[in-house]
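Numbering (full-length UniProt numbering), first residue to last: 1 to 198.
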Amino acid sequence: MLLSHFYVVLQTTVTLNNTGRNLEMTLDDHADSYVNVTGGPLAYQYRIQVIGYNSDLYYNRSQADTSSNGMFGIAVFIQIGEQTNDELNILLPHLDKVTYRGQKVRVNNFMIADILPYTDQYVTYEGSLTKPGCHESVTWIVYNKPIYASREFMDALRSLMVGSSAEDPKRSIGNNFRHLAPLNNRPIRTNIDFTYSV
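What follows is the structure in structure tokens.
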């Protein structure tokens with residue numbers, strides 16, 4: 001299957017939230033702005049995860065979180081480069097407003113589809129969420145090409161703290177990865193043709 005659609009109709013407003021574990025970005029719930037994903041069922045140090053739920057089967061994310069075919073995850077790898085992906089650049093001036101846990105900021109005119117790499121090649125597998133709970137309810141789609149971010153952008157991300165104030169910064173939210181889990185005989189599918197070298 002081909003990942004045939006991933007788009008936000010019109011630009012939308014997103015909210016950045018420092019959870020003390022990671023930087024979450026949520027889309028505002030507008031009737032004229034929605035995300036649609038169809039199709040589809042690790043060599044880089046950094047990645048972005050786009051997480052959503054199957055609204056055809058479940059009423060809300062809480063219900064989908066623990067249910068079969070409930071969630072989808074799209075993983076996009078980030079490579080350090082000279083320039084930053086244009087949509088990520090929109091976030092850069094707002095990152096200093098979410099330095100500490102619990103801080104939030106709204107960002108207008110964000111197009112989530114534009115953080116995706118320019119490729120339609122991916123691997124997909126049935127897996128689990130990467131944050132506590134780790135429910136096995138996610139169909140992961142992992143792109144095989146990265147997007148780019150500058151050192152300035154990555155340094156701004158590294159300045160985000162676990163603590164809730166300058167008096168109690170604790171540490172950076174970096175290195176918040178989940179350790180590798182066993183494959184447990186899960187099939188991994190791809191649309192990548194490996195018969196030709198690139």
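We treat Cβ as the ideally placed atom computed from N, Cα and C, and that holds for glycine.
In summary, Phe110 is buried, with 16 or more beta-carbon neighbours lying within 10 Å of its beta-carbon over all protein chains present.
When the beta-carbon positions are compared, Pro117 and Lys97 stay at least 9 Å from each other.
With contacts defined by Cβ atoms closer than 9 Å, Val14 and Ile48 do not form a contacting pair. When C-beta atoms of the stretch 121-136 are compared with those of the stretch 55-62, fewer than three pairs fall below 8 Å, so the two segments do not count as touching. Per DSSP, Gln49 is not a residue of any alpha helix (DSSP H); the beta strand (DSSP E) it occupies stretches across Tyr46 to Tyr53. Taking a C-beta distance under 9 Å as the contact criterion, Tyr46 and Met154 qualify as a contact pair. The criterion of a C-beta distance shorter than 9 Å is satisfied by Ile115 and Ile147. In the three-state reduction of the DSSP assignment, Glu136 falls in the coil class, being assigned neither a helical nor a strand state. The alpha-carbon of Ser55 is positioned some 21 Å away from that of Val142. As computed with DSSP, Gly127 is found in a beta bridge with Val138. Per the C-alpha coordinates, the member of Lys170, Asn185, Pro187 and Ser164 positioned closest to Gln103 is Ser164. Within its own chain, the residues whose Cβ lies closer than 8 Å to the Cβ of Val105, once the five positions on either side in sequence are excluded, are Thr15, Leu16, His94, Lys97 and Val98, listed in chain order.
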